[in-house]
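Inspection log for the structure reproduced underneath, given as structure tokens.
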Amino acid sequence: MKTLRVSIGLVISFLVLLPVTSFAQLKPHDASTAAMVELCKSRNDIDAQNFCFGFGEGVYQAYLASRPVGSKPSICFAANNHTREQILDDFLKWNQQNSQFNPEQAAKTLIRFFKQRYPCK
């Protein structure tokens, strides 16, 4: 009977400590440009590609929503008629030449890229 109590106690202790050790192994949230580029250059991963397209669209929509009313836009995609695949390819190429922005937040870097590559004229 004593062995059964010890065994049950050990199992319960293990189950209580299991989530603590599991969470300790998780990487911190990484919203850097480097992390985004690593994800987006995986062309065979459909989920990664969809995330990248959605993230880029979300950043652009946030830019549009936060612009003061009546201000002149600094990003213009309409005149270029590029596909999202072309824009992603352009960003990945641009990032290779501008890797100094890799530690920055991906959204900030995307806005910088959009303004440089797709300026309004």
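Mapped onto this note's numbering, the consecutive letters of the sequence shown carry residue numbers -11 to 109.
Cβ coordinates follow ideal geometry from the N, Cα and C atoms, glycine included.
DSSP places SER54 inside the alpha helix (DSSP H), whose first and last residues are 34 to 54.
Taking 8 Å as the cut-off, the beta carbon of ALA19 is found no closer than this to the beta carbon of ALA66. Of the residues LEU80, GLN88, LYS103 and PHE102, the one whose Cα lies closest to the Cα of LYS29 is LEU80. For SER87, the three-state secondary structure derived from DSSP is helix.
Sequence-distant partners of LEU27 (beyond 5 residues in either direction) whose C-beta falls short of 6 Å from its own C-beta, in its chain, are ALA36.
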